[in-house]
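Okay, structure first, notes after.
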Amino acid sequence: LLALSEAQLRKNGLEQLLVRAWKWSNQTLRMWARFVSLLALSSPLALLLPMGKYMGSHEKWEAEVVWPYVQWAIGCAGPTSIKLCQWVSTRDDLLPPLWCTRLAALQDEAPTHSWASTQKQLALAFGMGWDQKISVEDRMPVGSGCVAQVYKGYIKGRAEPVAIKVLHPHINESVGADLDVLRSIAAFFESFPKLKPLGPVAIVDDFRLRMVEQLDLRNEASHLRRFIKNFENDSDVEFPYPIDEYVHEKVLVESFLTDARPILEYTGCDEETKRRLADIGLKAVMKMLLLDNLVHGDLHPGNVMVTKKKYAAAPEAKAQAASSWLHWLGLGGGG
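Per the numbering used here, the sequence shown starts with residue 67, numbered consecutively.
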């Protein structure tokens, strides 16, 4: 019996070693394949950028050729690249304002997946008879982000519209490969003594945690419920609420906020409205940060919507006619 146990242990140990070796080699090959594909997407810029000097109008060349290619390449590069560009588009202290403006298009106009892929995700989440439970108003999504896209639809037997958020297909594999590449690059930079105190590996690991959280829409539903509870006494901030019967890892059905417009559309409005919106937004963020210890994980402008608040037709309310609600959308997780 003892000899048999030892032989079994050796066999199991060898099997575990082979499994680990297979996983390591598979991960390494996937990472290098992803690195080569990202390099192939970015390499044409080495030719396009210098060519602008010989094309007459350098600005026109950039606007009509270079930037369309950049936006296309970022979209092809996948969710991690889009997420990074969404973040950097809000940092005009890091990039020229014109670059931020052009990259901001990725905040709510990320590449979409096909209707066939959406049907597969819905069937996986709610069964083959999903169309007997919910209906989609239009096969074209009303919005798309780096990890999911949103359709307007209805739950059978209910009059109110709902937002149907569907995760992009194969996103886990794509994000995993991207994060492996980023961590390898971060480890290379951390090998330099002057850069080690900056902790690039720790930064990438934290970014990995935030990204992976967003790949399970059940986390978003949980965070939405907490945000709704935290802001239940604030009439200026509203969150969409998840429909509990239709919460899945890959699909999330939530209330649809009607008559809401992206906050970026208010950049040209009057100063009073700007101050009002800034005041609502700042108070909401400070409450999240200092009182609730739960912060919206994806606060770029594409995830903030505004709708006019309806007041009673009383004389004393006329001065408040320009006030607005802020709607916070696209929860990516609290931090």
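Each residue gets a CB set at the ideal place from its N, CA and C atoms; glycine is no exception.
- With a beta-carbon spacing of about 5 Å, K316 and Q187 fall inside the 8 Å limit used to define contacts.
- Comparing C-alpha distances from I230 to each of Q185, A87 and L104 shows the shortest one belongs to Q185.
- Under the 8 Å Cβ criterion, the segment 362–375 counts as touching the segment 325–344, having at least three qualifying pairs.
- Per the coordinates, the alpha-carbon of V213 lies some 35 Å from the alpha-carbon of K260.
- Between the alpha carbons of V154 and L330 lies a gap of roughly 16 Å.
- For T156, the CB contacts under 6 Å within the same chain, skipping 5 residues up- and downstream, are H366 in chain order.
- Following the DSSP letters along the chain, one finds D345 inside the alpha helix (DSSP H) bounded by residues E337 to M352.
- The alpha-carbon of A253 is positioned some 15 Å away from that of T94.
- According to DSSP, R327 shares a beta bridge with V372.
- Rounded to the nearest whole angstrom, the CA to CA distance from I148 to I140 is 6 Å.
- Secondary structure of K316 (DSSP, three-state): coil.
- Where Q173 is concerned, there is no enclosing alpha helix (DSSP H), because DSSP gives it neither an H nor an E.
- With contacts defined as CB atoms closer than 8 Å, M97 and V278 fail to qualify as a contacting pair.
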